[in-house]
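J.: Heads up, the sequence shown is in the numbering used here, so the first residue is -16 and it goes up one at a time.
One structure is given below, represented as structure tokens, and several questions about it will come after.
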Amino acid sequence: MKKIILTILTPFFCFLSLELQRLRKYCTAGCTNISVAMHQLSFFTPVANNPSIIFGIAVEQNKGENIPLWRSFSLVAFLKLSIILGFFNNRQGRSVALKGCVHPDFATDMRRLLHGVGNNHIEYQLPKKNIDSLPSKRICIYSALFGDYDQIHEPVLFHHPNVTVDYIMFSNNPSLKSSNWQIRQLHDNCSNAILSRKVRMFPHLLLPDYDICIYVDASVFIYGDIAQLSLIIDDWTTFAVTKHAARSSVHEEIFAFATNMNIDKEIAQKQYDIYIANGFKDDIHLTENGLFIVRNNDPETMELMESWYDGYRNCLLPGDQLPLQPTMSKLKFSKYKLLDGSVWCNQFLMVLPHKKSTTH
């Protein structure tokens, strides 16, 4: 009986051993795609952030934290990842390219498979240069997490020798902790939704020491070198935001929003009529505002952000989606760039479900 059991289990353990060796290559290669896969497969969070911990390799941001192997991954998650790695390894014909980096085709396919986003994965097209080749800059990736609407997602960090890149999360939760975000407490006598918009629209007031600020919603998991988006800001561009994937005009959005939120369409029509009466021609493509890049402390851009906030506060419908285009039109703001890409899933981040599905 023992011989039969050993005969059955030996090939399995041989396979597991080979997959463990293969997995070690990926985990120690510094490839962020493995981190994404581990997060999606519910690995222990510190391990998903730094997969090399599995093999006892200390990394700077964990400071050699000793995590027991039994906590580093569940058997089911490990087997899922091993099977996926094995499948794509055979398909691509090679698992590791030069310098131990995962083959780019393998990485793209694996990311799409694990995310299940299909055509929603659209990458941003960037200038063919690296931020480390530019003059020294201070870049901030910032977000807002107020109340209990979202939970914090640790970003994967990248080292830049010539550029300062900080990750700053504003919150009114005194118990909020993070390994990679700098938590800055912000308290005011207003709702969490309004506090969130103040952070989003006032980087020049809250983050005056930075040259470029990149805003992301708190619901995103950053797994790529998102600071590279700062390359979009140039001599003619001080504000960059992504085109809306489904709708192109405020007219479309205002009535879709009213329908989805069960708001009286007469109120929606009244708000749209106000925009038109103020000279808005609805000729600026609608945008998705969960990610944008801004050159900080530019006078015209500061005026745009503050007027956008005023438009949000005075809008008859909730949310900040609608007032941006009318504000740009009113100010005749031209220093913007509309990006083709996906704020939901791209080479830098993916959107995860909100912790709470409430109106925000």
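Backbone N, C-alpha and C fix where the C-beta goes; we use that ideal spot for every residue, glycine too.
Tell me the DSSP secondary structure of Lys82 in three-state form.
T.: Low per-residue confidence applies at Lys82: pLDDT is 29, beneath 50, and the placement is therefore not dependable enough to give any value.
J.: Should Gln330 go down as buried or exposed, given a rule of 16 or more other Cβ atoms within 10 Å for buried?
T.: Buried: at least 16 other Cβ atoms inside 10 Å.
J.: Under 7 Å Cβ to Cβ from Pro51, same chain only, skipping five residues before and after it: list those, please.
T.: Note on Pro51: pLDDT 44, under 50, position unreliable in the model; the coordinate value appears next. There are no such residues.
J.: Roughly how many angstroms lie between the CA atoms of Gly228 and Ile237, to the nearest whole one?
T.: The question names Gly, but residue 228 is Ala in the sequence shown. For Ala228 and Ile237, the distance between alpha carbons rounds to 15 Å.
J.: Quick one: residues in its chain with C-beta nearer than 7 Å to the C-beta of Ser340, no 5 flanking neighbours on either side, listed in chain order?
T.: For Ser340, the predicted structure reports a pLDDT of 45, less than 50, and the residue's modelled location is therefore unreliable. The matter cannot be settled from this model.
J.: Could you name the residues of the same chain whose beta carbon sits closer than 8 Å to that of Leu322, not counting the 5 residues immediately before and after it, in chain order?
T.: Closer than 8 Å at the Cβ level, and outside the excluded window around Leu322, lie Tyr107, Ile215, Ala223, Val224, Thr225, Lys226.
J.: Have a look at the DSSP bridge pairing and note the partners of Val203.
T.: Val334, per the DSSP bridge assignment.
J.: Closer than 7 Å by C-beta to Gly324: which residues in its own chain qualify, once you throw out the five before and the five after it? Chain order, please.
T.: Ile105, Glu106, Tyr107, Thr225.
J.: Is the number of C-beta pairs between the segment 230 to 244 and the segment 152 to 161 that are closer than 8 Å three or more?
T.: No, they do not touch.
J.: For the candidate residues Phe316, His143, Leu169, Leu314, whose alpha-carbon lies nearest to that of Ser126?
T.: When only C-alpha atoms are compared, the closest one is Leu169.
J.: By DSSP's criteria, Asp149 is part of a beta bridge. Which residues make up the other side?
T.: DSSP, once it has assigned bridges, lists Cys123 as partnering Asp149.
J.: According to DSSP, is Lys315 part of a helix, a strand, or is it coil?
T.: Looking at Lys315 - three-state DSSP - the assignment turns out to be coil, as it is neither helix nor strand.
J.: Look at the alpha carbon of Lys313 and the alpha carbon of Thr242, and state the distance between them as a whole number of angstroms.
T.: The alpha-carbon atoms of Lys313 and Thr242 are separated by roughly 27 Å.
J.: Run through DSSP, which three-state label would Lys320 get?
T.: DSSP places Lys320 in strand when its eight states are reduced to three.
J.: When burial is assigned at 16 or more other CB atoms within 10 Å of the CB, is Asn145 buried or exposed?
T.: So Asn145 ends up on the exposed side.
J.: Look at the alpha carbon of Ser174 and the alpha carbon of Asp131, and state the distance between them as a whole number of angstroms.
T.: Looking at the two C-alpha atoms, the distance is approximately 12 Å.
J.: One question on the structure: do Pro138 and Ile246 come within less than 9 Å of each other, judged by their Cβ atoms?
T.: Result no, Cβ atoms of Pro138 and Ile246 do not sit closer than 9 Å.
J.: Give every residue of the same chain whose Cβ lies closer than 7 Å to the Cβ of Ile267, excluding the five residues on either side of it in the sequence, and list them in chain order.
T.: Same-chain partners within the cutoff: Gln308, Met311, Ser312.
J.: Quickly, what does DSSP pair Gln165 with across the bridge? List them, please.
T.: DSSP, once it has assigned bridges, lists Ile151 as partnering Gln165.
J.: What did DSSP end up calling Tyr198 once you bin it into helix, strand or coil?
T.: Of the three classes helix, strand and coil, the one that applies to Tyr198 here is strand, per DSSP.
J.: Is the CB-CB distance between Tyr198 and Leu274 below 9 Å?
T.: Yes.
J.: By Cβ distance below 6 Å, which residues in the same chain neighbour Thr147 in space, the five residues on each side in sequence not counted?
T.: Within the same chain, Thr147 has close Cβ partners Arg121.
J.: Taking Arg180 as the reference, which of Tyr319, Lys315, Pro306, Asp218 has the closest Cα?
T.: Nearest of Tyr319, Lys315, Pro306, Asp218 to Arg180, Cα basis: Pro306.
J.: Is Gly207 buried or exposed, if buried means 16 or more other CB atoms sit within 10 Å of its CB?
T.: Counting Cβ neighbours within 10 Å, Gly207 comes out buried, since at least 16 surround it.
J.: Exposed or buried, what is Arg296 when buried is set at 16 or more other beta-carbons lying within 10 Å of its beta-carbon?
T.: Arg296 should be labelled exposed.
J.: Mind checking whether Leu188 and Arg167 have CB atoms under 9 Å apart?
T.: Cβ atoms of Leu188 and Arg167: not closer than 9 Å.
J.: May I have the straight-line CA-CA distance separating His143 from Lys111, to the nearest angstrom?
T.: About 17 Å.
J.: Can you name, in chain order, every residue of its own chain whose Cβ lies under 7 Å from the Cβ of Gly294, other than the five neighbours on each side?
T.: So the qualifying residues of the chain are Pro306, Pro309, Thr310.
J.: Tell me, to the nearest whole angstrom, how far the beta carbon of Phe240 is from that of Leu300; I am working on the premise that it is less than 8 Å.
T.: Contact holds; Cβ gap of about 6 Å.
J.: Would you list, in sequence order, the uninterrupted beta strand (DSSP E) runs of no fewer than 3 residues that lie entirely inside the segment 205 to 270?
T.: Taking only runs of at least 3 residues, the beta strand (DSSP E) segments lying wholly in the segment 205 to 270 are 222 to 226.
J.: When the Cα of Ala210 is compared with those of Ser317, Arg278, Met244, Met285, which residue comes out closest?
T.: Of the listed residues, the one whose Cα sits closest to Ala210 is Arg278.
J.: For Val139, which three-state DSSP category applies?
T.: Three-state result, Val139: coil.
J.: For Met184, which of Gly302, Lys320, Glu289, His136 has the nearest alpha-carbon?
T.: Of Gly302, Lys320, Glu289, His136, the residue nearest in Cα terms is Glu289.
J.: Nearest to Ile315 by CA position, among Thr284, Leu269, Ser202, Asn280, is which residue?
T.: Before going further, note that residue 315 is Lys rather than Ile in the sequence given. Taking only the C-alpha atoms, the option nearest Lys315 is Thr284.
J.: Which of the three DSSP states, helix, strand or coil, is assigned to Asn297?
T.: Of the three classes helix, strand and coil, the one that applies to Asn297 here is helix, per DSSP.
J.: In whole angstroms, give me the CA-to-CA distance for Cys298 and Glu286.
T.: Rounded to whole angstroms, Cys298 to Glu286 spans 18 Å at the Cα level.
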